[in-house]
Amino acid sequence: MTITEDSLAAADHGEHALLELRNICKYFGNVTALENITTRVEAGKVTCVLGDNGAGKSTFIKILSGVHQPSSGEYTMYGTPVHFTTPRDARNAGIAAVFQDLALAPLLSVWRNFFLGVEPMRGILMRSAFMKKTAKEEMAKMGIDLRDVDQPVGTLSGGERQSVAIARAVYFGARVLILDEPTSALGVKQSGVVLKYTRAAADRGLGVIFITHNPNHAIPVGDRFLLLNRGHSLGDFAKDEISRTELTRLMAGGAELEQLEHEIGIR
Amino acid sequence: MRRWLISPEIGALIGAVIVWAFFWGNGRTFGEADTTLNWLDVAAPTGIMATAVALLMIGGEFDLSSGVITGATAIQIGLVSRFFMGDGVNIGWAIGSAFLAAAAIGWFNGFMVNKTGLPSFIVTLASFFTLRGVMLVISKRLVGKVQVDQITEQEGATFFKNWIAHEWRFTEFAIRDNVFLGLVFVGAAAFIYGLLEQSFIRRAAINTVGVGMAIVGLIAAIGGFTGLLRTDGVGNNALFTIIALVGVAVAIVGTALARWVTRMRASSDGLPPEATRRLGLGIGCVALACLIPIPFDRRQGQAILTWTSSGLRPVLAILGAIVGIVLAIRAILPEMREKKKTASGFGKLTMFAIYSGLLVMTLLICFLQLTTVQALRAISMLILSGAGLTLLMLARGIAGRGSKKWQLIIGLLVAAAIVVLAFVIRADSGAVRFRTGLFGAMMIGAMAIAANTLVEFFMEKRTHADTTADRLGKRLQLIGGGMAFTGLIIRLVWSNLTPEHAAQVKAAGGSVGQNVLRQTVVWWLLVAAIGSFVLVKSKWGNWIFAVGGNKEAARAVGVPANQVKVGLFVTVSLCGCLAGTLIALRYGTVQANQGTGLEFEYIIAAVVGGCLLTGGYGSVVGAGLGSAIMAISVVGVQTTPWNSDGRFAFLGGVLLLAVLVNNFIRKKAQEAR
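Now the structure itself:
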């Protein structure tokens, strides 16, 4: 059975969130990877998932994108429970993950990368003219004017590369976009570029899950914040329920950070 | 243009042209039909394999068993047909079994690479040794020696030989000359007409005087060229040459006068002093270039500078050449800088190519002839006449800004100088090829300059855009250029040995071959075409690039990465089997070590063709050109008087050079965005 986002959206009457997680747990044998995670993703909103290394962010993404299955808990789209067994299922349901390594081939041109794996064909020929035109248009919609879609992706800046991956996910019908640490490898300016495109994607009606360990990147774009620490949820807040200081404090480990400050004598 | 420059095969293309031109100039029979067929025949098996190996390399893997598989499959065909099938069973079953076995080996290679995650050269090295061992053991056990013969005596072998490994024999290529002339003539006419159409304003009514001139010129041109053809060879008949070229110039001017608006005569100013200086210097240089042959006799073969040690001479020669070239470039550099703002990237690149070509050529002459009298003569003539003509052209450009009349005079002077130099070279050169070829090229160049100068003098330049005329002009240029180029290639590559020349070659100890075109070449072109099509135009090509460039990324977006790799390994093995079948059918005898060591040649061909060793980038066409380069150098060296073992050193140089040129151009082109 293939679940498509359209059938789910049609069955819903606007009363449920695009995507909802309730009390999700994941165990690997004796190891607890995630416990009682609850959050929601709404269309046109950005849900930020914050957490330090080892907080369970990767497991969280893998559950969302169908790589892992939750051990317990409820995973719903438009109020209907879904069970993804492969990444392909999740993709068919409109959940697209843009991973840190971007899933781009650096020496391949922009348009070839854009359609990689889903090349439109006419007989045995790729429709290259259509592909070039579409890639250029879709990048323009993200606010990037490419002079030459034939240039290798490797010649683009880090932020532009992220936006190729985002534009690709959007074009292929993603309803939910999962961005895995899109700013972690970038400088200040390029991070700003990515944040702009993240917001642009949300403004086009997508639900965005933005995963980061940097609260300064999460605050400007986020509408909802899920904080993770060692597999546990530190809270799931809407934007007006939490202040910037509180978020930073929780994110940095709260009491642990105070302890650390005390130990190394920062005043 | 730029897209073409950043394509991976550009280095190989330049390399192939240089290598070909090098042997065309130095080899005694290189460029004749039989040598061309010969190197195509050598290139074909390598080319078939290089196509597959290039695809695999783009997909990020190597196959070190790719050489030995050609031998293994050939041996399998021989052994199966002789020992494992009853008498009278068709050899086709043996061939089929070899293809199946090859597919299985390819699948095994791919499967092992995917399963174990080991580097592919380890896995395929294991296959290489295993296959080699099995081949030797089985053929020794069954035949008692390390070769399998009598393959072509098996049932049905003749049938397969006729349909898979056919040989076409030609005695001559008689229509070649006519095709060449027709193509070049019609192509050049279309090209020139397109050029004129793009630059001038159309008349309301056609000018009858112009039409008359054009017709007379055309008749003279056709008559002249026909006469030339009858007397065989461009260099043999000066009268016909001049009639033909003057006819062409008159025809061009006549056509221009007939079709387009003539110019108002403007009052002419005098000649500016900087033009005068360059004019004087230019005439002096050309005159000196014409006089050089008198003191240095070309039959005088001994070395000059007898007091130096022989090791020092090439160094001195190279230093001298570098000094000359540096001086020449320094003279032109200010001019180039001035033009930098207006000149297109292509123009600059062309200039760069011309100068570096000149440098390489001069260095080669110096090195090969080791400061003999001839070398000194050739170099000084080349530099003097080059500098003289450049100065004259510069003077023409400067004069053209002030006075159209002086531009006309100096332009015609340039043409005349080229004609004079052409005759000097013809009377004086030792090499037949350069004597006739260079003479013809220079005469055509003189004609083009003269016609251009006259047309510029008489015609009004169009400054506004005219869409229909521009489009027509562009199309005509493209079509005409293509035709003329094809004609020229046909002439250069398929020329026949004249009986006198053949006798000369035989007397000098060279061999004159037969014109045999083998079907292997057809297979090569077919495999390369399919490979190139798949790589560039189909989604599988996209997947191959992606799997080689970033396997995890490709997998993440749904590309079946493991299947792609297995498919590539199987392709390599199947192509190896095709090559092996062709070998078995052609010779009827296969050595047990057939193909061993060839895997590196395939890899070199692919790398020369622009494939990255790390995967994710490259081209099939480039790999084909790479195998052509290797074949040309193997066959080319045999047509020269040099030791043919030197080709390995030559290959090494070509490999390094092609890769460097590739990287350099790609970097430049990507910077230019």
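Going line by line, the protein sequences match chains H and L. 13 is the number of the first residue of the first sequence in the numbering used here; add one for each residue after it. 1034 is the number of the first residue of the second sequence in the numbering used here; add one for each residue after it. C-beta atoms are modelled at their ideal positions from N, C-alpha and C, and glycine is treated no differently.
Item                                                                                                                     : Value
Residue span of the alpha helix (DSSP H) that contains L:Trp-1196, given as start and end                                : 1190-1196
Contacts of L:Val-1590 in chain H (Cβ-Cβ under 7 Å)                                                                      : Ala-115, Leu-128 and Gly-129
Given 8 Å, three or more beta-carbon pairs between the stretch 1596-1603 of chain L and the stretch 1086-1093 of chain L : yes
Beta carbon proximity, H:Met-154 to chain L, threshold 8 Å                                                               : no
Limits of the alpha helix (DSSP H) - the one that L:Ser-1160 falls within                                                : 1153-1176
Inside the stretch 1643-1691 of chain L only - alpha helix (DSSP H) runs reaching at least 4 residues                    : 1653-1671
Alpha helix (DSSP H) runs contained entirely in the stretch 195-246 of chain H, provided each spans 4 or more residues   : 200-215 and 227-233
Coarse secondary structure for H:Ser-121, derived from DSSP in three states                                              : strand
Contacts that L:Ser-1571 makes with chain H (C-beta to C-beta distance below 9 Å)                                        : Glu-131, Met-133, Ile-136, Leu-137 and Met-138
Opening and closing residue of the alpha helix (DSSP H) in which L:Arg-1459 lies                                         : 1437-1461
Spatially closest choice to L:Phe-1132 from L:Met-1118, L:Phe-1116 and L:Ala-1105, by CA coordinates                     : L:Ala-1105
DSSP-derived helix/strand/coil call for L:Trp-1527                                                                       : coil
Contact list for L:Asn-1583 against chain H, beta-carbon separation under 9 Å                                            : Asp-113, Leu-114, Ala-115, Leu-116, Ala-117, Pro-118, Leu-119 and Leu-120
8 Å Cβ cutoff, L:Phe-1379 in contact with chain H                                                                        : Confidence in L:Phe-1379 is poor, its pLDDT being 45 and thus under 50, which makes the residue's placement unreliable; the coordinate value appears in the next sentence. Not an interface residue.
Helix, strand or coil at H:Ser-84 [DSSP, three-state]                                                                    : strand
Span of the beta strand (DSSP E) around H:Arg-34                                                                         : 31-40
Residues bridged to H:Asp-359 [DSSP beta-bridge criterion]                                                               : A query on residue 359 of chain H cannot be resolved here, the shown segment of chain H reaching from 13 to 279 and no further.
Boundaries of the beta strand (DSSP E) in which L:Asn-1548 is found, first to last residue                               : 1548-1551
Strand pairing of L:Val-1640, partner residues [DSSP]                                                                    : DSSP, once it has assigned bridges, lists no residue as partnering L:Val-1640.
Whole-angstrom distance between L:Phe-1193 and H:Gly-329, CA atom to CA atom                                             : The displayed coordinates of chain H run from 13 to 279. Any statement about residue 329 of chain H would go beyond what the structure contains.
The beta strand (DSSP E) enclosing L:Asn-1123, as first and last residue numbers                                         : Looking at the DSSP string, L:Asn-1123 is not in any beta strand (DSSP E), and its letter there is neither H nor E.
Distance, L:Ile-1662 Cα to L:Gly-1685 Cα                                                                                 : 12 Å
For H:Asp-192, the residue or residues it bridges with in DSSP                                                           : H:Ile-223
Euclidean distance between Cα positions of L:Met-1246 and L:Ala-1282                                                     : 10 Å
Rounded straight-line distance, which links the Cα of L:Leu-1151 to that of L:Gly-1714                                   : In the structure displayed, chain L extends from 1034 to 1706; residue 1714 of chain L sits before or after that span and is not available.
Chain H contacts made by the stretch 1616-1639 of chain L, where a contact means CB separation under 7 Å                 : none
For L:Ile-1316, the first and last residue of its enclosing beta strand (DSSP E)                                         : Run containing L:Ile-1316: none in the beta strand (DSSP E); it sits in the alpha helix (DSSP H), 1306-1324.
Where L:Arg-1410 falls: helix, strand or coil (DSSP)                                                                     : helix
Closer than 7 Å at the beta carbon, the chain H residues around L:Ala-1579                                               : Ala-117, Leu-120 and Leu-128
is_contact[L:Leu-1382, chain H] using C-beta, thresh 8 Å                                                                 : Confidence in L:Leu-1382 is poor, its pLDDT being 48 and thus under 50, which makes the residue's placement too unreliable to answer from.
Three-way DSSP call (helix, strand, coil) for H:Phe-184 in this model                                                    : coil
Contact under 8 Å by Cβ, L:Ala-1190 with L:Cys-1644                                                                      : no
Spatial distance of L:Val-1279 from L:Ala-1656 (CA atoms)                                                                : 44 Å
Neighbour flag for H:Thr-14 against chain L, beta carbons, 8 Å                                                           : Bear in mind that a pLDDT of 48 at H:Thr-14, under 50, signals an unreliable position, so the number given afterwards is only what the model happens to contain. Judged by the 8 Å Cβ criterion, H:Thr-14 is not in contact with chain L.
Residues near L:Cys-1318 in its chain [Cβ-Cβ closer than 6 Å; skip 5 each side]                                          : Leu-1417, Ala-1420 and Gly-1421
Proximal residues to H:Leu-46 (C-beta, below 7 Å), its chain only, five neighbours per side dropped                      : Ile-36, Cys-37, Lys-38, Gly-68, Thr-71, Phe-72 and Gly-243
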